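A.B. asks: Protein chains in written order, with the UniProt record's numbering: chain A, 1 to 350; chain B, 1 to 350.
For glycine and all other residues, C-beta sits at the position ideal for the given N, C-alpha and C.
In this text the structure is predicted, and so the values were computed from the model without any measurement.
Could you have a look at this structure, given as structure tokens, before my questions?
2 protein chains.
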Amino acid sequence: MNAPSQRNRGQDKAAESPTLEDVAERSGVSTATVSRCLNNPSVVSEKTRARVMEAVKALGYAPNFGARALAAKRTNTFGAIIPTMENAIFARGLQAFQEELERNGITLLVASSSYRPELEDKQIQSLVARGADALLLIGHDRTPDTYDFLEKRQIPYVIAWVHDDNEARISIGFDNRKAMKLLAERVLDHGHQSLGLISAQLEGNDRARHRLEGIRDAMKERGLDPSKLQITETQYTISCGAEALATLLHSDPKPTAVLCGNDVLAAGALLEARKQGLRVPQDISITGFDDIEIAEIVSPALTTVHVPHSNMGAGAAKLLLAMRNGEDVEQSVELEATVVERDSLGNAPT
Amino acid sequence: MNAPSQRNRGQDKAAESPTLEDVAERSGVSTATVSRCLNNPSVVSEKTRARVMEAVKALGYAPNFGARALAAKRTNTFGAIIPTMENAIFARGLQAFQEELERNGITLLVASSSYRPELEDKQIQSLVARGADALLLIGHDRTPDTYDFLEKRQIPYVIAWVHDDNEARISIGFDNRKAMKLLAERVLDHGHQSLGLISAQLEGNDRARHRLEGIRDAMKERGLDPSKLQITETQYTISCGAEALATLLHSDPKPTAVLCGNDVLAAGALLEARKQGLRVPQDISITGFDDIEIAEIVSPALTTVHVPHSNMGAGAAKLLLAMRNGEDVEQSVELEATVVERDSLGNAPT
């Protein structure tokens, strides 16, 4: 619960957040015009609107006075924005995140961006406007505007599900490229020469791009031409995984092993293989990524990459709590992801 | 986005929401004491704390002045509280809910209560304090305090996933009892006489209780003794479903058909049956509920109840938007749930 006694403190400090007046001053229009731009843009000229929106962005203004007042005090509410709730890939990590927060008296609110950066940007603004003390975000890919906004509003955030030495932001996760390389090596160990990949959309998804690079790394090291990797990009659903396998089976040469960007796609690929009368793994090998529950209930069970969901979620909560408490958090945390061999990977057909 | 121009209006109307002072006056203590009760209860005597909390509840006070100010205006943020994100049972409905809201410029924030009423109560207070215009809730079961709070704060809400003629609150959903009765009848049509049920915890979960009643209704109608139904209550996870089947297989008489409270439990039961060398459906029939994607990827595919996820989610959004816009919504919406027969239900072994 919050400290109502901080009400006055909150109001005194409210000036630290940009105000409607600041936006009006910077864009050289009246506050009424700024208000119209934000609430009823169709009645404002395109030119005025562009000028006002430029000022809104430059100042990091969130059009909500509640947030401005709240910025100076804790709400004990954290936000998380995940790309999807439609399948369970973020569920276990998020559950661990929430449990750790709850032990510290924090309520978690979650938004789901459907892998759309512009929607995520809106949701971040909304969570900040609603007074979220800190945010959990998935992966580094997002618009510069979003990062600008977070910086200007000084909202602590942690990036999860990735570890990328090239990025300076504080993150907790595993190296997607290294993890997928390990799995690809295991596939190549089974004698497969012709590989396929069913991937999530690569644009705006650093995890997906790194997984692709991991396969290419492994192919290169084994003297295979990485440009021969057959790639299909699709959405993270079972039916998309099934369709994508059907597409890959039309390519020449036909892949003998299909690596999937996650377990959900792999479950779909298994369904399609069964439908086409292909035996897994005798006729074709199929692998997943994530090691969520679905990996064990499909038949054959999936060879996949085990992602440290719970440690990642709980660790992200600890990092965010430390940041919110004003401690210096300087180091990203790298966790291990390991290959789990089950029955969906076998030797290449001879 | 919000109307910053409403800032003053918001402040003028703030008095409509209960203040810290109101709580102090009603409980006959200083505002500092109220503040301590809310923020550092261990330093306050139990008696004082009880008196203050009584006043907090009676007044519907949310300890956050931001919320009080926001109560007088729209934030274009709706909240949803679902019992779990750990599996996909609410995912598709929630996605449809979010998409309909998005078309109307509303951002959705979600909280997950882990089926715990006291946590849900906290999350509702937090969403209201953060300015949510309206709420989606699952099922009717929750504490009277929670309903009191919603009423006092005049937050529009819709109950989803149920239709129960005995409840006056506006809801959109299907009749869980009727739906499960239909499925149980189908099971009995296959000659099964000895039934088992793997159910979610019945307390605090009206959907689970109604599903149980539906099975009993069907048994009664066919002249079977409903007290003979073997029931195991557990959590909604795959591994719990597996354990629960193992337990049921020790009961006497051993059930020849096991109905599961949802598809996730049924997937677990299938795994356990396979582990024990039982063929489904030749040796034992297993059914699900929900018809989420998992129902089709397990082997054999699940006979289950198809829940109108998308219509329910989109419909809930429409109802809430109407309420938020001040329209009179007087009628709950009942949707159909239908039985889908796949391969996991067969004739009783002879």
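1. Which runs of the beta strand (DSSP E), 3 residues or longer, sit entirely within the stretch 187-219 of chain A?
2. Please compile the residues from chain B whose C-beta is within a distance smaller than 9 Å of the C-beta of leucine 94/A.
3. In terms of alpha-carbon separation, which member of Asp148/B, Ala316/B, Asp133/B lies closest to asparagine 325/B?
4. Could you check if lysine 275/B is buried or exposed, using at least 16 other CB atoms within 10 Å of its CB as the buried criterion?
5. Compare the Cα-Cα distances from serine 299/A to each of Val307/A, Ala317/A, Val280/A and report the closest residue.
6. Name the residue from Ser239/A, Val258/A, Thr350/A, Leu182/A whose alpha carbon lies nearest to the alpha carbon of valine 307/A.
7. So, does the CB of glutamine 109/B fall closer than 8 Å to a CB anywhere in chain A?
8. Quick test of the definition: if touching needs 3 or more C-beta pairs under 8 Å, does the stretch 171-179 of chain B touch the stretch 145-156 of chain B?
9. Using DSSP with H/G/I as helix, E/B as strand and the rest coil, what is glutamine 230/B?
10. Roughly how many angstroms separate the alpha carbons of proline 156/B and leucine 229/A, rounded to a whole number?
11. Return the chain-ordered list of same chain residues with a C-beta closer than 7 Å to the C-beta of histidine 192/B, the five sequence neighbours on each side being excluded.
12. In terms of DSSP beta bridges, what is tyrosine 157/B paired with?
13. Can you name the residues of chain A whose CB is closer than 9 Å to the CB of serine 30/B?
14. Could you check the C-alpha separation between threonine 75/B and glutamate 327/B for me, to the nearest Å?
15. Would you say glutamine 271/B faces chain A, with C-beta separation under 8 Å as the test?
16. With 16 as the cutoff for other CB atoms within 10 Å, does arginine 103/A come out buried or exposed?
17. Would you check if the distance between the CB atom of alanine 242/B and the CB atom of glycine 268/B is smaller than 8 Å?
18. Can you find a CB in chain B that lies within less than 8 Å of the CB of glutamine 123/A?
19. Let me confirm a value: arginine 222/B is counted as buried when at least 16 other C-beta atoms fall within 10 Å, else exposed. Which label applies?
20. Give the straight-line distance between the Cα atoms of methionine 53/B and isoleucine 124/B, rounded to the nearest whole angstrom.
21. Distance, Cα to Cα, glutamine 201/A vs arginine 207/B?
22. Measure the beta-carbon distance from leucine 20/A to serine 35/A and round it to whole angstroms, keeping in mind my assumption that it falls under 8 Å.
23. Using a Cβ-Cβ cut-off of 8 Å (strictly less than) and excluding sequence neighbours within five positions of arginine 216/A, which residues of its own chain qualify?
24. DSSP on histidine 163/B, reduced to helix/strand/coil?
25. Pick out whichever of Glu120/A, Lys152/A, Ala160/A has its Cα sitting closest to the Cα of phenylalanine 97/A.
26. May I have the straight-line CA-CA distance separating arginine 51/A from serine 126/A, to the nearest angstrom?
27. Would a check of beta-carbon distances place threonine 77/A closer than 8 Å to chain B?
28. Compare the C-beta of alanine 218/B against all C-beta atoms of chain A and say whether one is closer than 8 Å.
29. Using a Cβ-Cβ cut-off of 8 Å, state whether alanine 160/B counts as contacting chain A.
30. If we count the other Cβ atoms within 10 Å of its Cβ and call it buried at 16 or more, is aspartate 12/B buried or exposed?
31. Using 8 Å for Cβ pairs, my map puts phenylalanine 78/B next to leucine 320/B. What's the rounded Cβ distance?
32. Anything in chain B within Cβ reach of glutamine 98/A, meaning under 9 Å, just list it in chain order.
33. Would you mind reading off the limits of the alpha helix (DSSP H) that contains glycine 326/A?
34. Tell me where the alpha helix (DSSP H) around threonine 107/A begins and ends.
35. If you reduce the DSSP assignment to three classes, tell me which class valine 340/B lands in.
36. With C-beta atoms as the reference, is isoleucine 138/B less than 8 Å away from valine 264/B?
C.D. replies: Considering the structure as presented:
1. 195-200
2. Reading the first sequence from its first residue, position 94 is the one you call residue 94/A. By Cβ distance, chain B contributes Met85, Glu86, Ser112.
3. Position 325 of the second sequence, counted from the start, is the residue given in the question as residue 325/B. Out of Asp148/B, Ala316/B, Asp133/B, Asp133/B has the C-alpha closest to the C-alpha of asparagine 325/B.
4. Stepping through the second sequence from its first residue, residue 275/B is reached at position 275. With fewer than 16 other Cβ atoms within 10 Å, it is exposed.
5. What you label residue 299/A is simply residue 299 of the first sequence in a count that begins at 1. The shortest C-alpha separation from serine 299/A is found at Val280/A.
6. Position 307 of the first sequence, counted from the start, is the residue given in the question as residue 307/A. The residue from Ser239/A, Val258/A, Thr350/A, Leu182/A with its alpha-carbon nearest to that of valine 307/A is Leu182/A.
7. In the second sequence, the residue the question calls residue 109/B occupies position 109. First, the amino acid is wrong: residue 109/B is leucine here, not glutamine. With 8 Å as the cut-off, leucine 109/B counts as an interface residue toward chain A.
8. Touching, no.
9. Locating residue 230/B in the second sequence gives position 230, counting from the first residue. Reduced to three states, the DSSP call for glutamine 230/B is strand.
10. Taking the first residue of the second sequence as position 1, residue 156/B is located at position 156. Taking the first residue of the first sequence as position 1, residue 229/A is located at position 229. Answer to the nearest angstrom: the Cα atoms are 53 Å apart.
11. Your numbering for residue 192/B matches position 192 in the second sequence. Apart from sequence neighbours up to five positions away, the residues of its chain that approach histidine 192/B with a beta-carbon distance below 7 Å are Thr256, Ala257, Ser285, Ala348, ordered along the chain.
12. Along the second sequence, one-based indexing puts residue 157/B at 157. Note: tyrosine 157/B sits in a beta bridge opposite Leu135/B.
13. Within the second sequence, the letter at position 30 stands for residue 30/B. Those do not exist, as serine 30/B stays about 11 Å from chain A at its closest Cβ, beyond 9 Å.
14. For the purposes of this step, residue 75/B is identified with residue 75 of the second sequence, where counting begins at 1. For the purposes of this step, residue 327/B is identified with residue 327 of the second sequence, where counting begins at 1. Going by the C-alpha atoms only, they are around 18 Å apart.
15. Residue mapping note: residue 271/B aligns to position 271 of the second sequence, counting from 1. Glutamine is not the amino acid found at residue 271/B; the sequence shown has leucine there. So yes, leucine 271/B belongs to the interface.
16. Within the first sequence, residue 103/A is the residue found at index 103, counting from 1. Burial check for arginine 103/A: the Cβ neighbour count within 10 Å stays below 16, so the residue is exposed.
17. For the purposes of this step, residue 242/B is taken as the residue at position 242 of the second sequence. For the purposes of this step, residue 268/B is taken as the residue at position 268 of the second sequence. Yes, the Cβ-Cβ distance between alanine 242/B and glycine 268/B is below 8 Å.
18. Indexing the first sequence from 1 puts residue 123/A at position 123. Yes, glutamine 123/A counts as interfacial toward chain B.
19. Position 222 of the second sequence, counted from the first residue, corresponds to residue 222/B. It is exposed - the Cβ of arginine 222/B has fewer than 16 other Cβ atoms within 10 Å.
20. Numbered from its first residue, the second sequence carries residue 53/B at position 53. Numbered from its first residue, the second sequence carries residue 124/B at position 124. If you take the alpha carbons of methionine 53/B and isoleucine 124/B, they lie about 17 Å apart.
21. Your numbering for residue 201/A matches position 201 in the first sequence. Your numbering for residue 207/B matches position 207 in the second sequence. For glutamine 201/A and arginine 207/B, the distance between alpha carbons rounds to 37 Å.
22. In the first sequence, the residue the question calls residue 20/A occupies position 20. In the first sequence, the residue the question calls residue 35/A occupies position 35. Right, their Cβ atoms sit about 7 Å apart.
23. The sequence position of residue 216/A within the first sequence is 216, counting from 1. Excluding residues up to 5 positions away in sequence, Pro226, Leu229 lie with their Cβ nearer than 8 Å to the Cβ of arginine 216/A in the same chain.
24. Mapped onto the second sequence, residue 163/B falls at position 163. In the structure shown, histidine 163/B adopts coil according to DSSP, grouped into three states.
25. As a working note, residue 97/A is residue 97 in the first sequence. A check of alpha carbon separations from phenylalanine 97/A across Glu120/A, Lys152/A, Ala160/A identifies Ala160/A as the nearest.
26. Here residue 51/A refers to the residue found at position 51 of the first sequence. Here residue 126/A refers to the residue found at position 126 of the first sequence. Roughly 22 Å between the two C-alpha positions.
27. What you label residue 77/A is simply residue 77 of the first sequence in a count that begins at 1. Yes, because at least one Cβ of chain B sits closer than 8 Å to the Cβ of threonine 77/A.
28. Walking along the second sequence from the start, residue 218/B turns up at place 218. Alanine 218/B does not count as touching chain A.
29. Against the second sequence, residue 160/B aligns to sequence position 160. Not closer than 8 Å to any Cβ of chain A, the Cβ of alanine 160/B fails to qualify, so no.
30. The residue given as residue 12/B occupies position 12 in the second sequence. At aspartate 12/B, the pLDDT of 37 sits below 50, so the modelled position is not reliable; the number obtained from the coordinates is stated separately. Exposed, since its Cβ has fewer than 16 Cβ neighbours within 10 Å.
31. As a first step, residue 78/B is located in the second sequence; it is residue number 78 there, counting from the start. As a first step, residue 320/B is located in the second sequence; it is residue number 320 there, counting from the start. Right, the Cβ-Cβ distance comes to about 6 Å (below 8 Å), so this counts as a contact.
32. Here residue 98/A refers to the residue found at position 98 of the first sequence. Result: Met85, Ala111, Ser112, Ser114.
33. Taking the first residue of the first sequence as 1, we reach residue 326/A at position 326. That residue, glycine 326/A, is in no alpha helix (DSSP H); it is neither H nor E in DSSP.
34. The count along the first sequence starts at 1 and reaches residue 107/A at position 107. No alpha helix (DSSP H) contains threonine 107/A, which is instead part of the beta strand (DSSP E) from 107-112.
35. What you label residue 340/B is simply residue 340 of the second sequence in a count that begins at 1. It is a strand residue.
36. Taking the second sequence and counting its residues from 1, one reaches residue 138/B at position 138. Taking the second sequence and counting its residues from 1, one reaches residue 264/B at position 264. Their beta carbons are not under 8 Å apart, which means isoleucine 138/B does not touch valine 264/B by this criterion.
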